[in-house]
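**Student:**
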Amino acid sequence: MRELNSGGTADEQMKQLAISACPLTCGYCCLTPAYKCANKQFPRIACAALTSDMCKDPTWKQIIAEDCPNICGFCQEGEIHKVFLRLSLAKFKVTTNSTQLRLAL
């Protein structure tokens, strides 16, 4: 979905609405954090063979989140994402008045 306004340019507000409200249907799913990551180079299952039912099945969720996260929108749920969050928090510094708090692993 690429809406054009009367000036012939992409309507940025419509695009942002499509990204937040209907990313898969509107063709913008790859721009959301849930889908914007890479699958493992050598996954335990064939990522291209995944079905929407498998994405919803709790039995498959952990494997899919780790091996093929961008197929089902699990980019923020796999082990790699958890490691990234821990590393980000380790570097995070909060300043409150004159007191500084450093978070570490």
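Going by the UniProt record's numbering, 81 is the number at position 81 of the sequence shown; the sequence numbering is gapless.
Glycine included, C-beta positions come from ideal geometry on N, C-alpha and C.
#1: Helix, strand or coil for T51 per DSSP?
#2: Taking its Cβ as the centre, do 16 or more other Cβ atoms sit within 10 Å of R2, making it buried, or is it exposed?
#3: Taking just the CA atoms, how far does K36 sit from D11?
#4: Do I64 and C55 count as a contact pair if the criterion is CB distance below 8 Å?
#5: Is DSSP giving Q76 helix, strand or coil here?
**Tutor:** So, to answer that:
#1: By one-based count along the sequence shown, residue 51 stands at place 51. Collapsing the DSSP output to three states places T51 in coil.
#2: Along the sequence shown, read from residue 1 onward, the residue named residue 2 stands at position 2. Its pLDDT being 47, under 50, R2 is placed unreliably by the model, and the measurement read from it follows with that caveat. With fewer than 16 other Cβ atoms within 10 Å, it is exposed.
#3: On the sequence shown, residue 11 is found 11 positions in, with the first residue counted as 1. On the sequence shown, residue 36 is found 36 positions in, with the first residue counted as 1. Between the alpha carbons of D11 and K36 lies a gap of roughly 22 Å.
#4: Taking the sequence shown and counting its residues from 1, one reaches residue 55 at position 55. Taking the sequence shown and counting its residues from 1, one reaches residue 64 at position 64. In contact: C55 and I64 (Cβ atoms closer than 8 Å).
#5: By one-based count along the sequence shown, residue 76 stands at place 76. Correct three-state label for Q76: coil.
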